[in-house]
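Colleague:
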Amino acid sequence: MIENPKPMHPGQVLSEVYLSEMNLNQTEFALLCGCSPRKINEIVNGKRGVSASFALVLEEVLKTTAGMWVRMQAEYDLYEARKKAA
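Just so you know, we're using the numbering used here here: the sequence shown kicks off at 1 and counts up by one.
1) Which residue's Cα is closest to the Cα of E80: S53, S36 and G49?
2) Please state if the CB of N41 and the CB of Q26 are separated by a distance shorter than 7 Å.
3) Would you kindly work out how many angstroms separate the C-alpha atoms of F54 and A74, rounded to a whole number?
4) Between V61 and L32, which are expected to be in contact by the criterion C-beta below 8 Å, what is the C-beta distance as a whole number of angstroms?
5) Going by DSSP in three states, K63 sits in which element: helix, strand or coil?
6) Using 8 Å for Cβ pairs, my map puts K39 next to A30. What's the rounded Cβ distance?
7) Just mark V70 as buried or exposed, buried being the case when its beta carbon has 16 or more other beta carbons within 10 Å.
8) Give the straight-line distance between the Cα atoms of E28 and Y18, rounded to the nearest whole angstrom.
Following this line, the structure appears as structure tokens:
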């Protein structure tokens, strides 16, 4: 079986691509999302995943698609599950 490289956690993409490009810190972004800064911090640091309901928030705030965030989270979760099962 060909081993795929580890996918990026959606929080890493959120931080390195979106927050960076928008020149926003986590607290400012949390205000835009209507959530706590702690939630954004946990997602950015890979301690929390992006749920389907939060993917809808990201879709609205970032003008992305919720599906992109859900797929990214699923790929990351599947990679981690395979690693644990090995």
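Heads up, the beta-carbon is just placed ideally off N, CA and C, and yes, glycines get one too. Since this is a predicted model, take the numbers as computed values, not measurements.
Modeller: To lay it out plainly:
1) With distances taken between CA atoms, E80 lies nearest to G49 out of S53, S36 and G49.
2) Taking a C-beta distance under 7 Å as the contact criterion, Q26 and N41 qualify as a contact pair.
3) Roughly 14 Å separates the two Cα atoms.
4) That belief holds up - the Cβ atoms of V61 and L32 are roughly 5 Å apart, short of 8 Å.
5) The answer is coil: DSSP assigns K63 none of H, G, I, E or B.
6) That belief holds up - the Cβ atoms of K39 and A30 are roughly 7 Å apart, short of 8 Å.
7) Burial state of V70 is buried, judged by a 10 Å Cβ sphere holding 16 or more other Cβ atoms.
8) Taking the straight line joining both Cα atoms gives about 13 Å.
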